[in-house]
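Below is one structure, written out as structure tokens; the observations come after it.
Number of protein chains: 2
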Amino acid sequence: MKFGGTSVADLDRIRHVAARVKRECDAGHQVAVVVSAMAGATNQLVKWCNDLDPLHDPREYDVVVASGEQVTTGLLAIALGKIGVKARSWQGWQVPVRTDAAHGKARVESIEGAALLADMAAGVVPVVAGFQGVAPDGRISTLGRGGSDLSAVALAAALKADRCDIYTDVDGVYTTDPRIVPRARKLERISYEEMLELASVGAKVLQTRSVELAMKYRVRVQVLSSFEDRPGTLVVDEDEIVEKLTVAGIAYSAEEAKITVRRVPDRPGVAAALFGPLAAANINVDMIVQNVGADGTTDMTFTVGRADLARTQEVLATLKDSLGYQSVLADPHVVKISAVGVGMRSHAGVAATMFRALAEKGINIQVISTSEIKVSVLVAAEYRELAVRALHTAFGLDGPEPPAKEEEE
Amino acid sequence: MKFGGTSVADLDRIRHVAARVKRECDAGHQVAVVVSAMAGATNQLVKWCNDLDPLHDPREYDVVVASGEQVTTGLLAIALGKIGVKARSWQGWQVPVRTDAAHGKARVESIEGAALLADMAAGVVPVVAGFQGVAPDGRISTLGRGGSDLSAVALAAALKADRCDIYTDVDGVYTTDPRIVPRARKLERISYEEMLELASVGAKVLQTRSVELAMKYRVRVQVLSSFEDRPGTLVVDEDEIVEKLTVAGIAYSAEEAKITVRRVPDRPGVAAALFGPLAAANINVDMIVQNVGADGTTDMTFTVGRADLARTQEVLATLKDSLGYQSVLADPHVVKISAVGVGMRSHAGVAATMFRALAEKGINIQVISTSEIKVSVLVAAEYRELAVRALHTAFGLDGPEPPAKEEEE
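Protein sequence lines correspond, in order, to chains A and B.
All letters in the first sequence, in the order written, are residues 1338 to 1746 by my numbering.
All letters in the second sequence, in the order written, are residues 1338 to 1746 by my numbering.
Printed below as a string of structure tokens:
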């Protein structure tokens, strides 16, 4: 059971978490718990480090920020003891959770589960500090922001846990953003591959690295709400999903910008001459299309992160003479919409369905890219909600109309 | 160099501490630093533990509260790095500072200084978390409130330091409380024995246990201000004090209450029958006098901590029949005033000087007790200031009149 910062934000919520843990124990399960720092604590600690020296030693940064999780482990152990659940806190160095030496963004190298398993066998709930470990030189390390999910999955793998429950402030993974599509449905199950594609296109439920790790070690992950009392979404191996949806979800990312380089001479090596310098400038290029013209030139269109747009234009400007292109067009008003589903592997026609649904709504597709389990299109930003709804309906994902809700302030 | 909570209360003060450390390094000294938690942090952490469960597991309490010092070590190391001083934080378990298993009030058993000395030899300043250590089972332990002084003295002993400088919010040890006697003088040197007697009678400069430890390992301790830039008071072996004052200081304690048990039958074993049950009830009895009457009875007078007064009366009430005393008189309006000085060993007449000085002011002495280097008297509370001033003058401790100060708000 892993509880994030908002789930342990104050003493009342820590008591609530303790009650949740007790219920699992009472149901006969052996449970280990991973906790984040109390919401806000990490931000305060990070700010102190940056205020003292923006170029601080990351080893000392780790010492300071890891204290946040330490506090939560002790408090939760006390709260569990208070309601009669035997519990014991574990810091990263005590387990130990061994990491590499990349302080501030360390990778877990191994976790020794023996001591925790002995605790659990003796009826004691281990409460483990997420986000932290111990580096090869014996100093405290941290896994980078959001790393508590990673801690939980790695620990579940080390303990060979039946399941890794990630308690958070959403109650599962949806077929799309419920704020756009009220008839979006919560998925009972989703495969690692689908979860990864959804995470990388903007569904912020689970950190990408933790999904990768879960897939690697086949850890069954459940995403569920710490505030509501119902099952969440199970992230599992594709084989565990009996009825595979052709499309499991529609995701969107509004963090994109489109660049078109007009009338580049169409000769071998021109793509390398264009994208090499962008890669060297650490600019991540996503979708790429190339239209060959009749006059020996070509138009290259691609997307970059919107934050990188200005820098991309700078790099392109330095290439104007060597590449010999005519002009650069930039458009930040775009959105990438993706349909994701492992069922695509065996079902043809997903792209065709997608294009037809968008055409019916009069939405022009600017760029298309596909992978084994994903089709993405770039459209004008103003079509975001319309396109998401059209595709959600086209792929049969709509659930029943939600009951009318009282207006909340 | 040890800095307490008020000295590291915020980032500005931590920067100030870093500058102090740099100055010592620049002067060619090899320095190790011990720090407390930022002022207020420990209280918050303790409150959380108590709010969750007043009967919390002390091992988890230690995990929670030790995080306070951890934060300060990292922040000070960063602040030192910023001004070009190489530094490295050390937690109790990293040094390691080994303690016994008495969580929440552990005793230091050993400190391995090798790694710290290697750091220092390499020009790196170790910044060590005070107040904490590691218990035999590998869990975090704390030394009890005020334990950072103890950490500093123990570390100084382990490193065979030339001196242990305790930076605090007073600038040294005075001949008496300067708020009562403006002509009180700061002592350049004071012996361990004198410091212990002064600490035990209410001068709250250094924690008693840390003075005991300094005496045991002959650690030279300097008490000085972290806010003002001048020498403090050196606490040293008696042999290092050339000009021994007969009386080095006048201390007072207003935390006492006087009890008189009237007309106890004067037979062997009566004192044991009286004080045995009080000791069993964990009540600490301090000064004791017994007046033998002519009628086969005796009056027993003694002092207890004022907080224990009610419980003392309860215990005595249960003894009325077995002891056969007449009545119990209780007086909380008393103050204990003590003259302390190692010079008493070779100078007779200290008690006589004390009694004469008090008599001249018309102050009645209620109880007297003496030790090798201390004479204490109990007087009515209303005479506190008058008695302290009279004794300060009588023993020749008055310094020059302080310069007139601007009134401060």
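Cβ coordinates follow ideal geometry from the N, Cα and C atoms, glycine included.
Tell me the rounded alpha-carbon separation between residue i and residue j.
i	j	result
Val1712/B	Ala1688/B	6 angstroms
Arg1721/A	Arg1425/A	49 angstroms
Leu1666/A	Leu1348/B	48 angstroms
Lys1497/B	Gln1559/B	15 angstroms
Pro1669/B	Thr1635/B	22 angstroms
Tyr1662/B	Gly1680/B	41 angstroms
Gly1342/A	Thr1379/A	9 angstroms
Asn1619/B	Phe1639/B	15 angstroms
Asp1486/A	Tyr1529/A	15 angstroms
Asp1735/A	Ala1521/A	6 angstroms
Met1532/A	Ala1717/A	25 angstroms
Asp1645/B	Ile1625/B	16 angstroms
Met1457/A	Cys1386/B	24 angstroms
Val1354/B	Val1462/A	41 angstroms
Ala1414/B	Tyr1398/B	26 angstroms
Val1383/A	Ile1702/B	60 angstroms
Thr1505/A	Glu1549/A	19 angstroms
Glu1449/A	Arg1360/A	27 angstroms
Glu1719/B	Ser1590/B	13 angstroms
Ala1459/B	Ala1491/A	37 angstroms
Gly1633/A	Ala1647/A	29 angstroms
His1729/B	Leu1524/B	14 angstroms
For residue i, which option in the options has the closest C-alpha, if you only look at C-alpha atoms?
i	options	result
Ala1493/A	Glu1580/A, Ser1664/A, Val1671/A and Lys1339/A	Lys1339/A
Ala1631/A	Ala1609/A, Glu1446/A, Pro1602/A and Ala1591/A	Pro1602/A
Glu1697/A	Thr1479/A, Ala1724/A, Asp1623/A and Ser1664/A	Ala1724/A
Gly1481/B	Gln1544/B, Glu1738/B and Leu1392/B	Gln1544/B
Asp1363/A	Ser1373/A, Ile1420/A and Ala1346/A	Ile1420/A
Ala1551/B	Asp1623/B, Asp1574/B and Val1542/B	Asp1574/B
Leu1412/A	Leu1389/A, Val1371/A and Leu1561/A	Val1371/A
Thr1649/B	Val1677/B, Val1598/B, Asp1514/B and Pro1515/B	Val1598/B
Gly1429/A	Asp1390/A, Gly1475/A, Ala1536/A and Arg1643/A	Gly1475/A
Leu1695/B	Ser1708/B, Ala1685/B and Leu1715/B	Leu1715/B
Trp1427/B	Ala1451/B, Tyr1589/B and Asp1502/B	Ala1451/B
Ser1478/A	His1440/A, Asp1502/A and Val1445/A	His1440/A
Ala1727/A	Gly1606/A, Ser1373/A, Pro1519/A and Val1704/A	Pro1519/A
Cys1501/B	Lys1442/B, Gly1569/B and Glu1565/B	Gly1569/B
Asp1576/B	Ala1609/B, Arg1555/B and Arg1357/B	Arg1555/B
Ile1705/A	Asp1514/A, Asn1628/A and Phe1732/A	Asn1628/A
Lys1595/B	Leu1535/B, Val1672/B, Glu1738/B and Arg1682/B	Val1672/B
Ser1659/B	Val1607/B, Ile1674/B, Ser1563/B and Ala1676/B	Val1607/B
Lys1581/B	Arg1567/B, Arg1682/B and Pro1391/B	Arg1682/B
So the beta strand (DSSP E) residue i belongs to, where does it begin and stop?
i	result
Val1358/A	Here Val1358/A belongs to no beta strand (DSSP E); instead the alpha helix (DSSP H) covers Leu1348 to Asp1363.
Phe1639/B	Thr1634 to Gly1642
Pro1463/A	Val1462 to Ala1466
Ile1527/B	Arg1526 to Ser1528
Asn1628/B	Val1622 to Val1629
Pro1602/B	Glu1593 to Pro1602
Ala1424/A	Ala1424 to Trp1427
Val1716/A	Lys1711 to Ala1717
Which bits of chain A does residue i rub up against, with CB to CB less than 8 angstroms?
i	result
Asp1390/B	Ile1415, Ala1416, Gly1418 and Lys1419
Thr1479/B	Result: empty, since nearest Cβ-Cβ is about 11 angstroms, beyond 8 angstroms.
Name the chain A residues whose beta carbon is nearer than 7 angstroms to that of residue i?
i	result
Ser1404/B	Ser1404, Gln1407 and Val1408
Ser1426/B	Glu1397 and Val1400
So which residues of chain B does residue i contact, with C-beta pairs closer than 7 angstroms?
i	result
Val1401/A	Val1408, Gly1411 and Leu1412
Gly1475/A	Gln1431
Strictly below 8 angstroms CB to CB, what residues from chain B border residue i?
i	result
Asp1394/A	Ala1414, Ile1415 and Gly1418
Cys1757/A	No statement about residue 1757/A is possible, as the shown extent of chain A runs from 1338 to 1746 and does not include it.
Leu1382/A	Val1408
So which residues on chain B does residue i lean against when the C-beta distance must stay under 9 angstroms?
i	result
Leu1348/A	Trp1385, Asp1388 and Leu1389
Identify the continuous alpha helix (DSSP H) that holds residue i and give its terminal residues.
i	result
Val1383/A	Ala1378 to Leu1389
Leu1496/A	That residue, Leu1496/A, is in no alpha helix (DSSP H); it is neither H nor E in DSSP.
Gly1730/A	Reading the sequence as shown, one finds Thr at residue 1730/A and not Gly. Segment Arg1721 to Ala1731, the alpha helix (DSSP H) holding Thr1730/A.
Would the region 1610-1619 of chain B and the region 1653-1662 of chain B be scored as touching if the rule is three or more Cβ pairs under 8 angstroms? yes
Using 8 angstroms as the threshold, is the region 1402-1419 of chain B in touch with the region 1398-1411 of chain A, meaning 3 or more CB pairs across them? yes
Pairs of beta-carbons, one from the region 1467-1480 of chain A and one from the region 1432-1450 of chain A, closer than 8 angstroms: are there three or more? yes
Contact between the region 1496-1513 of chain A and the region 1585-1603 of chain A is defined here as three or more beta-carbon pairs at a separation below 8 angstroms; is this criterion met? yes
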